[in-house]
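Peer 1: Let me give you the structure first, and then I'll get to my questions.
Residue numbers (full-length UniProt numbering): 1 to 324.
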């Protein structure tokens, strides 16, 4: 039991906060829909419910992915978070379909909904709460990518750094971005329906929200399919190569892979060294390089293999030392 509690404490905190907030929002929106029958509110209820379930899975998956390797699973559980996220998008996909279908039916058979003050108030509160969660996700993106920012720069820099964030954080970011936008679209749809008599506007708003949810499904599916297959990180590989070439004993890098394992990285490399090095010198060099790489954010495992320099350069970069 203590081991399970320890794993849960290491889960993605942004996902946990988002799951709790979206559960509360879904209950409030669902209650409002029950009393008013507003289709835009139905879309937002489904959206928040899907996000809450999804982010709960994300939190559990990110926690379980931290489990240490076992004899049966010697490669660890890093990619488990990708598998969980692939399963989680099915939930959002179903919610998206139901949201679009309900909106389409409302466009064909528009009806006047009631309780505008209740609906607008609840949606406004939902937008504020979703904005808070989105801001927390933005801060988490910057934390994971080692970028400092304050004020409005948090917004712009988090968008620019999103690609390098962890899968779970990226999902929370995108879902809450869509949730915040969806709340605003729902409010606009209700206002158009009430004040201008455009009852189909609520159905259109529902379809727009469903389409945005499908976009998140597509993005999350593609990102995590890459993670399950084992995607390499080019930026980290370049960073490691620069570190390696600070050691003049290294003459070439025939192979270097920084493989993403869930939220962590597994690094393997083959290095060509000066043949005049003794075994002891080579071991000391290997230990120094390995220690430096393990200090990099997210790297949990490093495998280094040495070969004698064959005089044929395979890794060409601007930061390579000059010959001689």
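Cβ coordinates follow ideal geometry from the N, Cα and C atoms, glycine included.
Scan the UniProt domain "Cation efflux protein cytoplasmic" (233 to 308) and note each continuous beta strand (DSSP E) run of 3 residues or more that stays entirely inside, going in chain order.
Peer 2: 250 to 261, 264 to 273 and 299 to 308
Peer 1: May I ask you to report which of helix, strand or coil DSSP gives residue 312?
Peer 2: coil
Peer 1: Closer than 8 Å is the cut-off here; do at least three beta carbon pairs connect the region 259 to 274 with the region 285 to 305?
Peer 2: yes
Peer 1: Between which two residues does the alpha helix (DSSP H) harbouring residue 219 extend?
Peer 2: 200 to 229
Peer 1: Is the CB-CB distance between residue 62 and residue 84 below 9 Å?
Peer 2: yes
Peer 1: Apart from the five residues on each side of it in sequence, which residues of its chain come closer than 8 Å, Cβ to Cβ, to residue 87?
Peer 2: 57
Peer 1: What span of residues does the alpha helix (DSSP H) with residue 25 cover, start to end?
Peer 2: 13 to 36
Peer 1: With distances taken between CB atoms, is the gap from residue 120 to residue 207 smaller than 9 Å?
Peer 2: No, they are not a contact pair.
Peer 1: Answer with buried or exposed for residue 324, where buried requires no fewer than 16 other C-beta atoms within 10 angstroms of its C-beta.
Peer 2: Low confidence applies here, because residue 324 scores a pLDDT of 45, under 50, leaving its location unreliable and the question unanswered by this model.
Peer 1: Going by beta carbon distance, what residues of the same chain come within less than 6 Å of residue 285, once the five residues before and after it are set aside?
Peer 2: Answer for residue 285: 249, listed in chain order.
Peer 1: Hey, how far is the Cα of residue 15 from the Cα of residue 168?
Peer 2: 7 Å
Peer 1: Return the residue from the list 218, 315 and 152 that minimises the CA-CA distance to residue 252.
Peer 2: 315
Peer 1: Straight-line CA distance for residue 110 to residue 203?
Peer 2: Answer to the nearest angstrom: the Cα atoms are 8 Å apart.
Peer 1: Going by Cα to Cα distance, which pick from 265, 292, 257 and 310 is closest to residue 276?
Peer 2: 310
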